[in-house]
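Under full-length UniProt numbering, the first residue of the sequence shown carries the number 18, and numbering increases by one thereafter.
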Amino acid sequence: IQVLKGNNDLSKLVLKTSTSSCEIYIHGAHITSFKTNSIEHLFMSEKSGFQDTKAIRGGVPLIWPQFGNGKIQTHGFARNCDWEIHKALVDEKAQSVQIEFLLRNNEYSDKIWNCNITSGKETVNSFHTIYRVTLHPDFLDLEFDVKNTSATSDNILEFQIAFHTYYQISNIDNVYVLGLEGRDYIDKMNNHKITKELNQKVQISNETDRVYLNVVPTQSTGVGKNYQPLQLIDNGSKTSITLTYDYQSMPDVVVWNPWIEKSKKMDDFADNEYHNMICIEIGTINTPVKLSPNQSFQTKHSILPSNKSSL
Ligand code: TA6
18 IQVLKGNNDL SKLVLKTSTS SCEIYIHGAH ITSFKTNSIE HLFMSEKSGF QDTKAIRGGV
78 PLIWPQFGNG KIQTHGFARN CDWEIHKALV DEKAQSVQIE FLLRNNEYSD KIWNCNITSG
138 KETVNSFHTI YRVTLHPDFL DLEFDVKNTS ATSDNILEFQ IAFHTYYQIS NIDNVYVLGL
198 EGRDYIDKMN NHKITKELNQ KVQISNETDR VYLNVVPTQS TGVGKNYQPL QLIDNGSKTS
258 ITLTYDYQSM PDVVVWNPWI EKSKKMDDFA DNEYHNMICI EIGTINTPVK LSPNQSFQTK
318 HSILPSNKSS L
């Protein structure tokens, strides 16, 4: 584990194992690189800003406590805050390296994120959020724990969460996503219409912004028979990435690509970069989490690349 000066002098941690590496900025506890066998699996925009006020464009933006637009800034403040380094652990036996980040309510969050409580008086949300990143030789584990630390008996902590991961791909024409067939999704490109996914392979050929709902192993997906896990297949680079996650706590999956027009409107994203990225985001979006005081929420998401030379 090393602490280095990254872009724009922001501090970043570099984790390494025998065959993998990972880079995480303290700003936003933002993963900007994840490599196995020297292959980079995450997309980073060449125009990403590394300023305090703006999220890093690419890697794994942490979306918390809000997904999308709403009462507070788009996608919440977790990706705009500097997190504390809470713990670091090297596991010789498992050959893994782990970093734990901590975010507590602070004057920044107190100003923008209050709660609506039944007693009528508004108080700040008190929370203790742990983000644990474990780098293994051939995969990456992301864990997210939130505790409502409010002393006020009816202060409910309500939030959404998502790992807004940008995957590096050879070209958008070469990739498809498996594991979404038969699911309903909110189509943000078609008035948020609930639409059923009829394709076994989800391919991208225009601006795509969908929240797939309740992507959990159910009989209709043949659990135990031919259950298809969530996978990103890249026929160009002959790699596949399997995404596993705790579907009870995070049942939703976002698929996003800005395509041509939206890319032009993003000042921290080059016009042609939509060819080389796809976002597949695991989260709790459609039904926000609600925690009573002293209640906790835990979740986990893993990213498992594999080289499919047989593709
Ligand atoms: O996850 C998809 C999305 O909600 C899109 O609508 C798009 O806005 C994207 O997130 C990026 O949002 P950002 O605030 O990071 O520019």
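For every residue, glycine included, the Cβ atom is placed at its ideal position computed from N, Cα and C. Only a predicted model underlies this, so the values are computations on that prediction, with no experimental measurement involved.
Exposed or buried, which one is residue i when buried takes at least 16 other CB atoms within 10 Å?
i: G75; result: buried
i: S327; result: In this predicted model, S327 has a pLDDT of only 47, less than 50, meaning its place in the structure is not dependable enough to derive any value.
i: P268; result: buried
i: E40; result: buried
i: D251; result: buried
i: Q220; result: exposed
i: R121; result: exposed
i: L174; result: buried
i: Y291; result: buried
i: P246; result: exposed
i: K164; result: buried
i: S222; result: exposed
i: Q312; result: exposed
i: E124; result: exposed
Does the ligand TA6 have even one heavy atom less than 8 Å from the beta-carbon of residue i?
i: H44; result: no
i: C39; result: no
i: K52; result: no
i: F84; result: yes
i: V271; result: yes
i: P268; result: no
i: K205; result: yes
i: P305; result: no
i: H47; result: no
i: P246; result: no
i: H103; result: no
i: H209; result: no
i: H153; result: no
i: M61; result: no
i: T91; result: yes
i: A287; result: no
i: E298; result: yes
i: H318; result: no
i: A111; result: no
i: R121; result: no
On the DSSP letters alone, give me the boundaries of the alpha helix (DSSP H) that residue i sits inside.
i: D127; result: 124 to 129
Locate the beta strand (DSSP E) running through residue i, then write down its first and last residues.
i: W273; result: 269 to 274
i: T151; result: 144 to 152
i: F60; result: Per DSSP, F60 belongs to no beta strand (DSSP E) and is neither H nor E.
i: D162; result: 157 to 165
i: residue 9; result: With the chain covering only 18 through 328, there is no way to say anything about residue 9.
i: H318; result: 313 to 324
i: N303; result: 294 to 308
i: K22; result: 19 to 22
i: Q115; result: 113 to 121
i: L195; result: 192 to 195
i: Q90; result: Counting along the chain, Q90 falls outside any beta strand (DSSP E), and DSSP gives it neither H nor E.
i: L215; result: That residue, L215, is in no beta strand (DSSP E); it is neither H nor E in DSSP.
i: Q185; result: 183 to 185
i: Q177; result: 174 to 180
Here's a check: name, in chain order, each residue in its chain whose Cβ is nearer than 6 Å to the Cβ of residue i, leaving out the five neighbours to either side.
i: K210; result: D204
i: W130; result: I89, N142
i: L321; result: F156, T259
i: L32; result: I18, C39, V114, L152
I'd like the list of long-range same chain contacts for residue i, defined as Cβ closer than 7 Å, with 5 residues on each side in sequence excluded.
i: V20; result: S28, L30
i: N191; result: D251, N252, G253
Keeping to the same chain, check which residues put their C-beta closer than 8 Å to that of residue i; ignore five residues upstream and five downstream.
i: A111; result: H153
i: E57; result: S50, F51, Q185
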